[in-house]
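**Q**
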Amino acid sequence: MLYLQILINGLLLGGLYSCIAVGFSLVWGVLNIINILHGSLIILGAYAAFFAYTELGIHPFAFVPLAGLLLFTIGYLLQAGLINRVMGAPVLITLTLTFGLNLMLENAMILAFKADYRTVILNPPLGMLDLGPVVLVKDRLYAMVLALVLVLLLYVLLRATRIGRAIVAVRMDRDAAALMGVNVPRIYAVTFGLGACLAGAAGSLISVIFPISPLSSIGFLGKAFVICILGGLGSVPGVMVGGLVLGVLESFGTLWLGPDYSTTIAFVLLLALLLFRPTGLMGKRGFE
Amino acid sequence: MHPTRRTGLKQFLSVALLAALPASAALAQNPILIGAPLPLTGPLSPEGTKLQRGYDLWAEEVNKAGGVQVGKNKMPVKIIYYDYQSNTSRAVQLAEKLVTDDKVHFMFSPFGSGATKAASAVSERYGVPTIAPTASSVEVFDQGYKNLFGTMTPNDTLTEPMSDLVRATAPNVKRIAILARNDLYPLALGNEFEKSAKKRGFQVVYFEKYAIGTLDHASAITQIRATKPDWIIVTGYINDMILVRKQMADQGVKVPIMTMITGPSYREFIDASGPLATNVTTASWWHPAVRYTGNDVFKSSENFTKVFRAKYKEDPDYTNASGAVVGVVLQQAIESVATLDRDKVRAALASGKFQTFFAPIAFSPQGYATSYQPPIFQVQGGKPVVLFPKAIKQAEFAFGVN
Numbered sequence: 000m001l002y003l004q005i006l007i008n009g010l011l012l013g014g015l016y017s018c019i020a021v022g023f024s025l026v027w028g029v030l031n032i033i034n035i036l037h038g039s040l041i042i043l044g045a046y047a048a049f050f051a052y053t054e055l056g057i058h059p060f061a062f063v064p065l066a067g068l069l070l071f072t073i074g075y076l077l078q079a080g081l082i083n084r085v086m087g088a089p090v091l092i093t094l095t096l097t098f099g100l101n102l103m104l105e106n107a108m109i110l111a112f113k114a115d116y117r118t119v120i121l122n123p124p125l126g127m128l129d130l131g132p133v134v135l136v137k138d139r140l141y142a143m144v145l146a147l148v149l150v151l152l153l154y155v156l157l158r159a160t161r162i163g164r165a166i167v168a169v170r171m172d173r174d175a176a177a178l179m180g181v182n183v184p185r186i187y188a189v190t191f192g193l194g195a196c197l198a199g200a201a202g203s204l205i206s207v208i209f210p211i212s213p214l215s216s217i218g219f220l221g222k223a224f225v226i227c228i229l230g231g232l233g234s235v236p237g238v239m240v241g242g243l244v245l246g247v248l249e250s251f252g253t254l255w256l257g258p259d260y261s262t263t264i265a266f267v268l269l270l271a272l273l274l275f276r277p278t279g280l281m282g283k284r285g286f287e
Numbered sequence: 000m001h002p003t004r005r006t007g008l009k010q011f012l013s014v015a016l017l018a019a020l021p022a023s024a025a026l027a028q029n030p031i032l033i034g035a036p037l038p039l040t041g042p043l044s045p046e047g048t049k050l051q052r053g054y055d056l057w058a059e060e061v062n063k064a065g066g067v068q069v070g071k072n073k074m075p076v077k078i079i080y081y082d083y084q085s086n087t088s089r090a091v092q093l094a095e096k097l098v099t100d101d102k103v104h105f106m107f108s109p110f111g112s113g114a115t116k117a118a119s120a121v122s123e124r125y126g127v128p129t130i131a132p133t134a135s136s137v138e139v140f141d142q143g144y145k146n147l148f149g150t151m152t153p154n155d156t157l158t159e160p161m162s163d164l165v166r167a168t169a170p171n172v173k174r175i176a177i178l179a180r181n182d183l184y185p186l187a188l189g190n191e192f193e194k195s196a197k198k199r200g201f202q203v204v205y206f207e208k209y210a211i212g213t214l215d216h217a218s219a220i221t222q223i224r225a226t227k228p229d230w231i232i233v234t235g236y237i238n239d240m241i242l243v244r245k246q247m248a249d250q251g252v253k254v255p256i257m258t259m260i261t262g263p264s265y266r267e268f269i270d271a272s273g274p275l276a277t278n279v280t281t282a283s284w285w286h287p288a289v290r291y292t293g294n295d296v297f298k299s300s301e302n303f304t305k306v307f308r309a310k311y312k313e314d315p316d317y318t319n320a321s322g323a324v325v326g327v328v329l330q331q332a333i334e335s336v337a338t339l340d341r342d343k344v345r346a347a348l349a350s351g352k353f354q355t356f357f358a359p360i361a362f363s364p365q366g367y368a369t370s371y372q373p374p375i376f377q378v379q380g381g382k383p384v385v386l387f388p389k390a391i392k393q394a395e396f397a398f399g400v401n
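Going down the list, the protein sequences come from chains A and B.
Per numbering that gives the first Met the number 0: the first sequence = residues 0 to 287.
Per numbering that gives the first Met the number 0: the second sequence = residues 0 to 401.
Pasting the structure below:
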């Protein structure tokens with residue numbers, strides 16, 4: 000029964016991980032930008048949710064769409080106003096730009112919110128679902144379900160809408176897409192906006208589960224990296240699998256090797272995959 | 000944020016000033032320089048900021064009184080801060096910079112046992128007497144260094160009385176689970192708890208370490224739950240404690256006794272954990288309830304609390320007080336030898352007995368304090384109350400952490 004509980008813990012965590020990583024993967028896959036800002040955008044979304052709850056009483060789960068919208072706007076403007084200017088440049092330039100933007104955002108958040116850790120304490124707490132041998136923590140369960148819904152929404156958006164197909168087209172062949180009448184800079188901005196939107200939504204979800212501080216962004220960015228490489232760039236299902244695999248691995252790692260090594264496992268696996276299967280578990284060209 | 004640039008500017012200005020003023024006028028204002036690397040940002044920022052408040056309060060009070068009495072002169076103190084961003088290797092670099100670049104006379108150690116030990120190599124190399132406000136692990140003092148002095152008593156002065164108290168008040172408690180942060184002090188403390196517990200016949204059913212920066216403790220907690228402990232002990236820093244306490248509640252963990260060190264003696268833990276903080280026990284080296292008198296600027300524990308409250312509009316906790324007491328001890332050592340000579344001040348620190356508002360401080364040959372007994376607390380009614388020692392006890396031990 001212990002194993003079942005550990006598996007459930009891992010899946011609940013993994014669902015959230017997928018949501019944390021999917022925006023990062025989208026931006027990396029489509030724009031070829033390693034978005035160092037991603038972690039901080041998650042934290043920004045989490046702070047927005049924190050203040051929405053403490054000041055206005057809006058439940059963080061209900062705040063998810065608003066956080067997404069807010070961050071979409073910020074992401075869209077960032078890409079349209081700044082990052083689009085260096086899109087033709089080598090990947091190191093865009094990386095440096097997002098790195099610099101990240102320093103600015105991080106320090107702005109330290110100034111605005113202080114470096115103290117904060118956490119949303121739901122009142123009343125959601126409690127847990129006691130199924131006898133196993134317990135399901137409700138806030139994690141709901142957050143995981145919402146996270147997976149968000150990931151699915153992105154999947155549908157990319158497959159079934161005009162804008163989604165345009166994003167995939169740009170990812171496959173930018174020049175051909177431009178010839179077909181796709182406004183490439185606009186698609187870039189929309190894609191980056193979507194990435195930020197998912198970061199904001201994920202932030203809103205995690206505000207209920209993890210304490211947040213402007214400096215905790217790096218932890219989430221690290222997870223996003225591992226998941227993208229685990230699952231493979233360029234696919235939403237890949238990110239989902241990557242997130243769930245990482246969550247389950249960390250859980251069982253804690254059980255078998257002790258909590259001290261749970262995070263080590265992820266990086267060992269990352270190295271192994273890079274050596275033997277550099278495309279990740281489900282990686283392919285073109286974003287679907 | 001740019002210490003190098005700022006120092007560059009400072010150096011330029013001081014050179015310009017020296018050129019403009021007659022040399023004697025510049026010398027008369029020379030303050031005693033103390034270097035203090037602190038984690039003002041990053042995961043340890045709550046602790047770093049607390050220490051800084053203690054340092055600042057001491058410096059302000061001393062300077063208000065004219066400064067430190069060095070022979071016939073009164074010299075003001077000036078503390079030079081650098082933020083090492085909770086990154087130990089940066090703390091070491093900055094300690095070196097403070098000695099070689101800023102030419103500080105003395106140093107206060109960075110926060111916590113791990114960073115203190117790392118930076119102590121720097122002060123030893125340059126022979127700078129250094130006082131550590133928050134290093135309680137004896138492992139920090141096992142290198143035979145002559146320049147490092149710690150004002151906290153060793154970890155077993157927390158774990159021994161705590162185990163005695165549990166043994167005496169809760170005879171049914173048998174099974175103990177320990178979850179320790181894999182970091183010098185929290186792990187050393189976890190090991191001490193294991194020793195103290197075994198010595199008294201408790202059964203340690205779970206003992207694991209978690210990595211620094213761990214976000215998810217769910218699986219460790221699932222295991223702890225499965226071992227059905229009567230007493231759960233968690234070691235780490237405030238942020239770890241907030242996280243672990245919440246995730247324990249998420250899984251419906253209920254135990255008669257839960258001890259968390261450090262964390263519950265801080266307002267931040269209680270604010271962030273709300274009702275979950277109730278009945279969590281902890282121990283720390285100082286509390287506004289202790290009653291000591293000293294011949295320092297603060298005069299007594301009560302007066303320190305009053306002065307602190309007037310400046311910061313909140314009650315001091317032990318980290319705030321630890322920041323102030325290192326200043327007090329350094330001042331008394333300097334005043335006793337009436338010079339800033341590092342060798343003489345070091346000798347005064349090593350042999351002195353310092354009556355302070357914090358507690359009586361005297362250092363063992365290894366360099367840590369052994370001269371007082373830290374109190375044990377429990378969070379009751381939203382604030383920490385003292386359970387031990389008896390002389391300052393404020394409440395009875397309450398059981399049941401839900």
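We treat Cβ as the ideally placed atom computed from N, Cα and C, and that holds for glycine.
In whole angstroms, what separates the C-alpha of B:Q393 from that of B:V252?
**A** 28 Å
**Q** Does the contact criterion of 3 or more C-beta pairs under 8 Å hold for the stretch 296-311 of chain B versus the stretch 177-184 of chain B?
**A** Remark: fewer than three beta-carbon pairs, one from each stretch, lie closer than 8 Å, so the stretch 296-311 of chain B and the stretch 177-184 of chain B are not flagged as touching.
**Q** Mapping the DSSP letters down to three states, classify B:W284 as helix, strand or coil.
**A** coil
**Q** Can you tell which of A:L245, A:A195, A:L96 and A:L274 has its C-alpha closest to the C-alpha of A:S261?
**A** A:L245
**Q** Can you find a C-beta in chain A that's less than 7 Å from the C-beta of B:Q250?
**A** Judged by the 7 Å Cβ criterion, B:Q250 is in contact with chain A.
**Q** Over what stretch of residues does the alpha helix (DSSP H) that includes B:T66 continue unbroken?
**A** Residue identity differs from the one stated: residue 66 of chain B is Gly in this sequence, not Thr. Element bounds for B:G66: n/a, residue is neither H nor E.
**Q** Is it true that the CB of B:V279 sits closer than 7 Å to the CB of B:M257?
**A** yes
**Q** For A:L273, which residues in the same chain have their Cβ closer than 8 Å to its Cβ, ignoring the five residues on either side in sequence?
**A** Scanning its chain for C-beta atoms nearer than 8 Å, with the 5 sequence neighbours on each side dropped, one finds around A:L273 the residues I228, in chain order.
**Q** Buried or exposed: B:F148, going by 16 or more other Cβ atoms within 10 Å of its Cβ?
**A** buried
**Q** Please confirm whether B:F206 and B:I237 have their CB atoms less than 7 Å apart.
**A** no
**Q** Alpha carbon to alpha carbon, how far is B:P30 from B:S23? Give it in angstroms, no decimals.
**A** At B:S23 the pLDDT is 39, less than 50, meaning the model places this residue with poor confidence and gives no usable figure here.
**Q** With DSSP as the reference, please indicate the residues paired to B:E207 in a beta bridge.
**A** B:L178
**Q** Determine the chain D residues that contact A:Q4 at a beta-carbon separation under 7 Å, and present them in chain order.
**A** This model lacks chain D altogether; the protein chains it does include are A and B.
**Q** Where does A:E54 land, buried or exposed, given buried means 16+ other C-beta within 10 angstroms?
**A** When all chains shown are included, A:E54 counts as exposed.
**Q** Got a sec: which bits of the stretch 106-122 of chain A sit with their beta carbon under 9 Å from any beta carbon on chain B, in order along the chain?
**A** N106, I109, K113, A114, D115, Y116, R117, T118, I120 and N122
**Q** Which value, in whole angstroms, describes the spacing of the CA atoms of B:A217 and B:Y209?
**A** 12 Å
**Q** Within 10 angstroms of its Cβ, does B:F140 collect 16 or more other Cβ (buried), or is it exposed?
**A** buried
**Q** Do you know offhand how far A:V169's Cα is from A:L68's?
**A** Taking the straight line joining both Cα atoms gives about 23 Å.
**Q** Over what stretch of residues does the alpha helix (DSSP H) that includes A:L329 continue unbroken?
**A** The displayed coordinates of chain A run from 0 to 287. Any statement about residue 329 of chain A would go beyond what the structure contains.
**Q** I want to see whether chain A comes within less than 7 Å of B:S44, judged by CB atoms only; does it?
**A** yes
**Q** Would B:M259 pass as an interface residue toward chain A - the criterion being a Cβ-Cβ separation below 7 Å?
**A** Judged by the 7 Å Cβ criterion, B:M259 is not in contact with chain A.
**Q** Given that a residue counts as buried once 16 or more other Cβ atoms are within 10 Å of its Cβ, and exposed if not, what is B:P287?
**A** So B:P287 ends up on the buried side.
**Q** Got a sec: which bits of the stretch 238-266 of chain A sit with their beta carbon under 9 Å from any beta carbon on chain B, in order along the chain?
**A** Per Cβ criterion, the list reads G246, E249, S250, F251, G252, T253, L254, G257, P258, D259, Y260, S261, T262 and T263.
**Q** Checking the sheet assignment: what are the DSSP bridge partners for B:W230?
**A** B:I175 and B:I256
**Q** The alpha helix (DSSP H) with A:K137 in it runs from where to where?
**A** Per DSSP, A:K137 belongs to the alpha helix (DSSP H) from K137 to A159.
**Q** Alpha carbon to alpha carbon, how far is B:I360 from B:K71? Give it in angstroms, no decimals.
**A** 26 Å
**Q** Is the beta carbon of B:A94 closer than 7 Å to that of B:S112?
**A** Result no, Cβ atoms of B:S112 and B:A94 do not sit closer than 7 Å.
**Q** Distance check for B:G235 and B:A187, CA to CA, integer angstroms please.
**A** If I take the Cα positions, the gap works out to 11 Å.
**Q** Please tell me whether A:V134 has its Cβ less than 7 Å away from any Cβ of chain B.
**A** yes
**Q** Report, in whole angstroms, the separation of the C-beta atoms of B:Y80 and B:R89, which I expect to be a contact under 8 Å.
**A** Their Cβ separation, rounded to whole angstroms, is 13 Å, which puts B:Y80 and B:R89 out of contact at 8 Å.
**Q** Checking contacts by CB at 7 Å: is B:A347 closer than that to chain A?
**A** For B:A347, no CB of chain A lies under 7 Å from its own CB, so it is not counted at the interface with that chain.
**Q** Within this structure, are the beta carbons of B:V98 and B:V127 separated by less than 7 Å?
**A** Contact flag set, yes.
**Q** Between A:M86 and chain B, is any beta-carbon pair separated by less than 7 Å?
**A** no
**Q** State the DSSP-derived secondary structure class of B:S299, mapped to helix, strand or coil.
**A** In the structure shown, B:S299 sits in a strand (DSSP, three-state: E or B).
**Q** If we cut at 7 Å on Cβ distances, does B:D239 have a partner in chain A?
**A** Chain A contact via Cβ: absent.
**Q** Who are the neighbours of A:G218 on chain B, taking C-beta pairs under 7 Å?
**A** G212 and L214
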